[in-house]
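A.B. asks: My questions all concern the structure below.
Residue numbers (this note's numbering): 11 to 499.
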């Protein structure tokens, strides 16, 4: 199986060379297994125009005094892990208590940077997500300090969903108490698989028996939604192994399950071991499609579970999955921490990934922006379209009416062909994805966005920008990425 990036490049080359509706069409012979040659991206949405370093920071500094017009979300990044899982590309720094103490203190200062500015305090935060890295690697005293600072500096809504991400290894009762007492009402645990052999190969540290016992105990905590992630596509996971993963998950007293396809990234340790022959190949796209279809059949037929999105399932009302749903759309997301990502007024940005540089910027009283993307025209419409296609059934007429734009007509050739291919079904104005469409949902969301962009976005959207004083075009994307990568080395 080629790496995830190889597949993305393959699909992009097809779109670049064939700028017509047919570039977005699906294979009509087998929608589930080969609708498209590869997955298009990790997260769907419109592209933007790069703004680097000082130009981005200066611009964002001015925008921070403008009020948000809608409810937003916030993301806090904890860039430490006690060990590295072979498949993960989010690893940044090994956990050390002194480094975590220093990080906590600087993170609190970042919360305080904008606490009197309209971009941060003008509208409620509906969902707050602590990701990483491994947030549960933090000691109880740092968890408490961070959660206290969040409540002091962010306008959290009364019903704000507060998610703490992590793993069960090292998640002590004391850490759990610090989370719950600090207001955490959703715990997202990366189980990935219950299979002992695969867990050992992927350097997951706890046994399946321990995981099950611990999840049963944690699930008894009042008003705490316990959600687990499962990944499908690991080497050796096909057949009974995946069936057992689904069965175990569905019988636990947890509140939610997320089923994600494993992406094998080029620079991941897992890909290195596969290429060297130490591991069997990961599942092919066709095999992953079958595993996804099995997960849909399993949870759909289970009396205790109901669907929230194409990848999220809930057993109780405690699981709202609010952050994940809002993050895919046009909602503002305030980022905090080294390596965090967010968006504001359509502008998306990543923060400094190097701890020393991030800390230096915060100590200077500056939001530690590394790179920012200026939105192109119709960004709000495009994000709404992408998130609607990603979430499940969608209504193009309703979306277009909300923006006073007819998007049904320009997208009709693509939608009609996807129906013919077996990816969609239509009833009235509602398009509903089939199981095949649910598997390819991110790719379809991205292709729908690009198809609409091709027809209504202005060709001059890549003209010289007065803020960056630079000209960026699609042909310059590779050079820009090389600049970013060189800075990161």
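We put the beta carbon where it would ideally sit given N, CA and C, even for glycine.
If we call anything under 8 Å between Cβ atoms a contact, is residue 56 one with residue 393?
C.D. replies: Going by C-beta atoms, residue 56 is nearer than 8 Å to residue 393.
A.B. asks: Among 444, 462, 463, 459, which residue has its Cα nearest to the Cα of residue 45?
C.D. replies: That would be 444, whose Cα lies nearest to the Cα of residue 45.
A.B. asks: Kindly examine the ligand ZN and report whether one of its heavy atoms sits closer than 7 Å to the Cβ of residue 393.
C.D. replies: The model on display carries no ligand, and the ligand ZN is accordingly not part of it.
A.B. asks: Report, in whole angstroms, the separation of the C-beta atoms of residue 377 and residue 123, which I expect to be a contact under 8 Å.
C.D. replies: That pair is a contact at about 6 Å.
A.B. asks: Bridge partners for residue 275 per DSSP, in chain order?
C.D. replies: Paired residues: none, contrary to the question.
A.B. asks: Out of 263, 215, 304, point me to the one whose CA is closest to residue 326's CA.
C.D. replies: Among 263, 215, 304, the Cα nearest to that of residue 326 belongs to 263.
A.B. asks: Rounding to the nearest angstrom, what Cα-Cα distance links residue 157 and residue 329 in this structure?
C.D. replies: Residue 157 and residue 329: Cα-Cα distance of roughly 21 Å.
A.B. asks: Measure the alpha-carbon distance for residue 310 versus residue 245 and round it to whole angstroms.
C.D. replies: Distance between the alpha carbons of residue 310 and residue 245 is about 26 Å.
A.B. asks: How many angstroms separate the CA atom of residue 163 from the CA atom of residue 216?
C.D. replies: Near 36 Å, if we compare the C-alpha coordinates of residue 216 and residue 163.
A.B. asks: Is it the case that the region 116-130 contacts the region 297-315, given that we only count it when at least three CB pairs across the two stretches are under 8 Å?
C.D. replies: In short, these stretches do not touch, since the Cβ pair count stays below three.
A.B. asks: Keeping to the same chain, check which residues put their C-beta closer than 6 Å to that of residue 222; ignore five residues upstream and five downstream.
C.D. replies: Closer than 6 Å at Cβ, skipping near neighbours: no residue.
A.B. asks: Around the C-beta of residue 288, are 16 or more other C-beta atoms found within 10 angstroms, so that it is buried, or is it exposed?
C.D. replies: Flag for residue 288 reads exposed.
A.B. asks: Could you work out which residue in 460, 254, 182, 285 is closest to residue 225 when comparing CA atoms only?
C.D. replies: Nearest option by C-alpha distance: 182.
A.B. asks: Below 8 Å between beta carbons: does that hold for residue 298 and residue 339?
C.D. replies: Contact flag unset, no.
A.B. asks: Residue 506 and residue 235: beta carbons closer than 8 Å?
C.D. replies: Coverage of the chain is limited to positions 11 through 499, which leaves residue 506 absent and any answer about it impossible.
A.B. asks: How is residue 112 classed by DSSP in three states: helix, strand or coil?
C.D. replies: It is helical.
A.B. asks: Have a look at the DSSP bridge pairing and note the partners of residue 242.
C.D. replies: DSSP lists 271 as partners of residue 242.
A.B. asks: What first and last residue would you give for the beta strand (DSSP E) that runs through residue 402?
C.D. replies: It is not in any beta strand (DSSP E) - residue 402 carries neither H nor E in the DSSP assignment.
A.B. asks: From this set, 79, 66, 409, which residue's C-alpha is nearest residue 131's C-alpha?
C.D. replies: For residue 131, the nearest C-alpha among the options comes from 79.
A.B. asks: Starting from residue 352 and walking both ways along the beta strand (DSSP E), at which residues does that stretch end?
C.D. replies: It spans 351-354 - the beta strand (DSSP E) in which residue 352 sits, taken as one unbroken run.
A.B. asks: Taking a contact to mean a Cβ-Cβ separation below 8 Å, would you say residue 247 touches residue 282 in this structure?
C.D. replies: The answer is no: Cβ separation not under 8 Å.
A.B. asks: Alpha carbons only, please: which of 232, 409, 373 is nearest the one belonging to residue 459?
C.D. replies: Nearest of 232, 409, 373 to residue 459, Cα basis: 409.
A.B. asks: Where do the ends of the alpha helix (DSSP H) carrying residue 177 lie?
C.D. replies: That residue, residue 177, is in no alpha helix (DSSP H); it is neither H nor E in DSSP.
A.B. asks: Can you list, in chain order, the stretches of the alpha helix (DSSP H) that have 4 or more residues and sit fully within the region 120-171?
C.D. replies: Here the runs fully enclosed are 128-131, 150-163.
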